Amino acid sequence: MQMPLHYLLHYTEEHIYKWVQTEAAKCGMTPGQPKILDFLSTHEGCEQKLIAQECCMQPSTVTGIIRRMRENGLVRCDHAKDNRKSYQVFLTEKGREAQKEADRIFNAAQQKLIRGISPQEQDVFMQTLIKLYHNAIE
Numbered sequence: 508m509q510m511p512l513h514y515l516l517h518y519t520e521e522h523i524y525k526w527v528q529t530e531a532a533k534c535g536m537t538p539g540q541p542k543i544l545d546f547l548s549t550h551e552g553c554e555q556k557l558i559a560q561e562c563c564m565q566p567s568t569v570t571g572i573i574r575r576m577r578e579n580g581l582v583r584c585d586h587a588k589d590n591r592k593s594y595q596v597f598l599t600e601k602g603r604e605a606q607k608e609a610d611r612i613f614n615a616a617q618q619k620l621i622r623g624i625s626p627q628e629q630d631v632f633m634q635t636l637i638k639l640y641h642n643a644i645e
């Protein structure tokens, strides 16, 4: 009997998430930090609200992760110019180094997932996954 799609997607995500977290922990990162570091690498200076939205995390969770990242010197937070209650988040040099490690981990995770799958199969899969995503958000 074939496993339903929603189980396959969920189990795959859970297994790769655990693998990424295990690898990230070896580099001193805590859960959530790799994803936020990755996001900040292309969205420096964004507000925490956007990080929460784009990383699919609760705002309170992001607040705690960002606080720990700030304490560890990975990010700095500046008051937003147009809203003094909001903070813009920037990577520090130490944060950029940690982001390189996160990027290495994500690349290794991707290689683990696509092992044994031809480039043509990968293209078809990605096109299909994008369609699934768009169906899910409608």
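Taking the numbering used here as reference, the numbering of the sequence shown is continuous, increasing by one, and the terminal residue is 645. For every residue, glycine included, the Cβ atom is placed at its ideal position computed from N, Cα and C. On a predicted model such as this, the values are computed, not experimentally measured, just so you know.
Item                                                                                                                                                          : Value
If contacts are defined as beta-carbon pairs under 8 Å, then residue 557 and residue 550 qualify, I think. What distance do you get, rounded to the angstrom? : 7 Å
Is it right to say residue 527 is buried, meaning 16 or more other beta carbons lie within 10 angstroms of its own, or is it exposed?                         : buried
Residue 571 and residue 601 look like a contact to me (Cβ under 8 Å); what is the Cβ gap, rounded to whole Å?                                                 : Between residue 601 and residue 571 the Cβ distance is about 19 Å, and since that is not below 8 Å, they are no contact.
Just the C-alpha distance for residue 622 and residue 536, rounded to the nearest angstrom, thanks.                                                           : 26 Å
Does residue 555 come out as helix, strand or coil in the three-state DSSP assignment?                                                                        : helix
Answer with buried or exposed for residue 594, where buried requires no fewer than 16 other C-beta atoms within 10 angstroms of its C-beta.                   : buried
Under 8 Å by Cβ, that's how I've got residue 636 and residue 596 pegged, so tell me the actual separation to the nearest angstrom.                            : Not confirmed; about 29 Å, so no contact.
Can you tell me where the alpha helix (DSSP H) with residue 630 in it begins and where it stops?                                                              : 626-644
Rounded to whole angstroms, what is the Cα-Cα separation between residue 514 and residue 619?                                                                 : 19 Å
Compute the Euclidean distance between the alpha carbons of residue 560 and residue 539, then round it to the nearest angstrom.                               : 13 Å
So the candidates are 629, 592, 616; which of them puts its Cα closest to the Cα of residue 521?                                                              : 616
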